[in-house]
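Numbering (this note's numbering), first residue to last: 20 to 170. Backbone N, C-alpha and C define an ideal beta-carbon position, used for all residues, glycine too.
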């Protein structure tokens, strides 16, 4: 989690839960709808941030070795909702988000694939002070392993 100095302290890592639904257009292109929930990020003085994201993703695939290995890259855009407690002040807001995704899939059988990859989200958040608004350019990244079931 890169927060552009927003929390001002070292931030503990978190984990996320990702639900994906999608469809292959052909063996080279697919589309997905993703929902991501990141558990609470916290710094050493107790400031916290929670993130929820939903986005549409287009993925390009490059099948190898009898289509049992799938190299893929994706680009997505959507919305992000965040909740934070910063210096004992609770705040909620939303923003647009874009993402990039790289990975490899290993097809065990025709309908089951194990994917290993990395996804990175980019977004801006505004923080209202008494007289000004500060803009922060933020990023969240996660390495993942998931099981893909095709039917």
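Which residues bound the beta strand (DSSP E) around residue i?
| i | result |
| --- | --- |
| residue 35 | 35-45 |
| residue 81 | 67-83 |
| residue 110 | 108-128 |
| residue 62 | Segment: none, residue 62 is in no beta strand (DSSP E) and carries neither H nor E. |
| residue 86 | Note, residue 86: premise wrong, no beta strand (DSSP E); not H, not E. |
| residue 155 | 152-168 |
| residue 139 | 131-147 |
Going by the CB atoms, is the gap between residue j and residue i shorter than 7 angstroms?
| i | j | result |
| --- | --- | --- |
| residue 91 | residue 78 | yes |
| residue 74 | residue 97 | yes |
| residue 137 | residue 121 | yes |
| residue 139 | residue 115 | no |
| residue 76 | residue 95 | yes |
| residue 66 | residue 38 | no |
| residue 164 | residue 131 | no |
When you compare only the Cα positions, how much space is there between residue i and residue j?
| i | j | result |
| --- | --- | --- |
| residue 61 | residue 30 | 6 angstroms |
| residue 108 | residue 87 | 51 angstroms |
| residue 155 | residue 148 | 13 angstroms |
| residue 24 | residue 158 | 12 angstroms |
| residue 169 | residue 81 | 17 angstroms |
| residue 101 | residue 93 | 23 angstroms |
| residue 32 | residue 71 | 16 angstroms |
| residue 117 | residue 21 | 15 angstroms |
Quick check on residue i: buried or exposed, where buried means 16 or more other Cβ atoms within 10 Å of its Cβ?
| i | result |
| --- | --- |
| residue 55 | buried |
| residue 85 | exposed |
| residue 133 | exposed |
| residue 103 | buried |
| residue 68 | buried |
| residue 126 | buried |
| residue 53 | buried |
| residue 145 | exposed |
| residue 63 | exposed |
| residue 112 | exposed |
| residue 89 | buried |
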